[in-house]
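Have a look at the structure below before the remarks.
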Amino acid sequence: MEQIVADMFPPSQIPYPVIFARILGALLMGSIIGFEREAKARPAGLKTHMLVCLAACTFAVISLESVSMKGFIDERVRIDPLRVVEAVTAGVAFLAAGTIVLSRGQVQGLTTGGSLWLAGAIGLALGFGHWIIAAFATGSAFLVLSVVGRLEAVVEEEEQPGPQPQASKPRDEKVSRIRKTTR
């Protein structure tokens, strides 16, 4: 039984409370971005952003921990945490691409795809212990998603004075939905 317990809690380069704090931070920061997307009824919302951020954080912590694992300390084995960053970036980009669709001649989901990609970057930052970078990126993302969206709606409205042609009706509905969700 002792061996099982010892195997469950091997010596760690990063203290376990720090790892747990990073993971909780990833969940929190992923939820901030995800909440905004969820409020606007986007395809990838709260849970998806939290999971992307959590996964990226976990991959980063695992890569840092694997550098100092007994079995990997050998001249023939080279651990490169930067490869984890590349793999997470590619994986999240693939996931984000799934949110982008072409419908009725318009591309939709780019912002959600971008926010998923950013959630992955924030998770990596937290996993590697860069709390300030992660917090600033999260705050910046929230501002962009909430404030800039409102500004875009105002600019679009000002660009279309007078009676609206019938073809722009879906756009008007979109603007009014944006206004309702950002108030």
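In UniProt numbering, the protein residues as written are 1 to 183.
For every residue, glycine included, the Cβ atom is placed at its ideal position computed from N, Cα and C.
- Between R37 and G98, the alpha-carbon positions lie close to 15 Å from each other.
- Contact check between the stretch 88 to 105 and the stretch 19 to 30: fewer than three CB pairs, one atom from each, fall below 8 Å, which does not count as touching.
- Where S140 is concerned, the enclosing alpha helix (DSSP H) starts and stops at 131 to 143.
- Contact annotation, G113 with A96: C-beta distance approximately 4 Å; criterion of less than 8 Å satisfied.
- With a cutoff of 8 Å on beta-carbon distance, F128 and A60 are scored as near each other.
- For S68 against Q3, the beta-carbon gap comes to about 21 Å, at or over 8 Å, which does not count as contact.
- The secondary-structure analysis by DSSP pairs L102 across a beta bridge with V107.
- G114 carries a helical assignment under DSSP once its states are collapsed to helix, strand and coil.
- Inclusion of S31 and H49 in the CB contact set at 8 Å is warranted, their separation being smaller than that value.
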